[in-house]
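Once you know that position 143 of the sequence shown is 172 in this note's numbering, the rest is easy, because the numbers rise by one and skip nothing.
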Amino acid sequence: MPASLTLRQALKEWLLPRKWQHELRINRSILVNGKYLSYNNPIHNGDQIDLTLETEVKEQHYLPNPKITCQIVAENADLVIINKPGGLKTHPNRPDENGTAFNQLAAYLQTPPLMLHRLDMLTSGLLMAAKDPLVIPPLERQLAAKTMERFYMAVTEFDPKLPLSGTIQGPIGLDPSDKRKRMVRPDGLPAVTHYEIVQHNDQFALVKLSLETGRTHQLRVHLASYGMAILGDPLYSTRAASRMYLHAYKLKYCLPFNWKFNTVEIPVPPEFQALTD
């Protein structure tokens, strides 16, 4: 913990919403070592801070699916991070649908998960869900402030004329010719993607990607706009493949109510490297 923080400063550092800070103060439901203190009081390493909030959480009740194909990669009392297979949707669209990562987590946790973000159905890799609603706002604010970092690997077409690393900045909006698709267009929402070609051959490149923004299909659209369409992408590539070669392999985030950053990383599927050797 940083030195010489007041209780108010700690709540701000923890990214707690102002509404919740106000509720804790009005209800005197924040205790430091078992006692209520005003927000101007300093806190110290080793202090125990207890928060009690009466917040309504709108739970999403969908059918649990006990056939779990997602690998549990990391888990604590607040969070669970899974490795989602490609081809599995993140979230159901209908109450009678149960073939998604959400349904599998509902069975594993025996309670509805609180999804922090999504992956396209054809994208594999790391997906985070919360168990405790108290950690949702701090983590959502990390996503908004870009302090939560998400890293991907993709296999794309290789263009020798392009720099081996760079930044793609192209506003993304709807494609009027196909309601399923997005495109780079001047009136779209700002979007920024960083890329680095790790290795390549004459046909394909293995590309490391990181997001500054999180627009729908952002990586797929940005890469296609640069002539680097992702192999197997059914919407933005003309090259068919057995899967879409996009994988979320690393996630860096700050543990809620802590100042410790945590990094979770999983292997990139071996076929990604094999195609670009």
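Here a beta-carbon is modelled for each residue, glycine too, at the ideal position from N, C-alpha and C.
Determine whether the beta carbon atoms of residue 168 and residue 282 lie at a separation below 8 Å. yes
Answer yes if the segment 129-139 comes into contact with the segment 51-69, meaning at least three C-beta pairs across the two stretches below 8 Å, and no otherwise. no
Buried versus exposed call for residue 206 [16 or more other C-beta atoms within 10 Å across all chains shown]: exposed
Beta carbon of residue 307 nearer than 8 Å to that of residue 201: Given a span of 30 to 306 for the chain in the structure shown, any question on residue 307 remains unanswerable.
Measure the C-alpha to C-alpha separation of residue 270 and residue 229 and round it to an integer number of angstroms. 18 Å
Which class does residue 291 belong to by DSSP, given the choice of helix, strand or coil? strand
Taking the alpha-carbon of residue 143 as reference, which of 254, 250, 156 has the nearest alpha-carbon? 156
Does the separation of the CB atoms of residue 259 and residue 184 fall below 8 Å? yes
So what does DSSP say about residue 34, is it helix, strand or coil? strand
For residue 279, count neighbouring C-beta atoms within 10 Å of its own C-beta (all shown protein chains included) and say buried if the count is 16 or more, exposed if not. buried
Using the Cα positions of residue 301 and residue 154, report the straight-line distance between them to the nearest angstrom. 13 Å
Which same chain residues, not among the five before or five after residue 223, have their C-beta less than 6 Å away from its C-beta? 196, 239
Spatial distance of residue 112 from residue 296 (CA atoms): 10 Å
Taking Cβ to Cβ, would you say residue 34 is nearer than 8 Å to residue 42? yes
Whole-Å CB distance - residue 79 paired with residue 60, under 8 Å assumed: 5 Å
Ends of the beta strand (DSSP E) at residue 158? 153-159
Near residue 104, what residues of its chain come up, given a Cβ to Cβ distance below 8 Å and the 5 sequence neighbours on each side ignored? 110
Hey, how far is the Cα of residue 48 from the Cα of residue 266? 46 Å
So what does DSSP say about residue 297, is it helix, strand or coil? coil
Nearest to residue 81 by CA position, among 140, 38, 163, 66, is which residue? 163
Beta-carbon proximity of residue 130 to residue 119, cut-off 8 Å: yes
Cβ-based neighbour list, residue 83, same chain, cut-off 6 Å, excluding 5 preceding and 5 following: none
Using CA coordinates, which residue listed in 152, 139, 151, 160 is at the minimum distance from residue 145? 160
Neighbourhood of residue 66 by C-beta distance below 7 Å, restricted to the same chain and skipping five residues each side: 36
Taking residue 127 as the reference, give the member of 115, 152, 95, 151 with the closest Cα. 95
Would DSSP call residue 209 helix, strand or coil? coil
Whose CA, out of 187, 237, 231, 251, lies closest to the CA of residue 217? 251
Helix or strand or just coil, what does DSSP make of residue 305? helix
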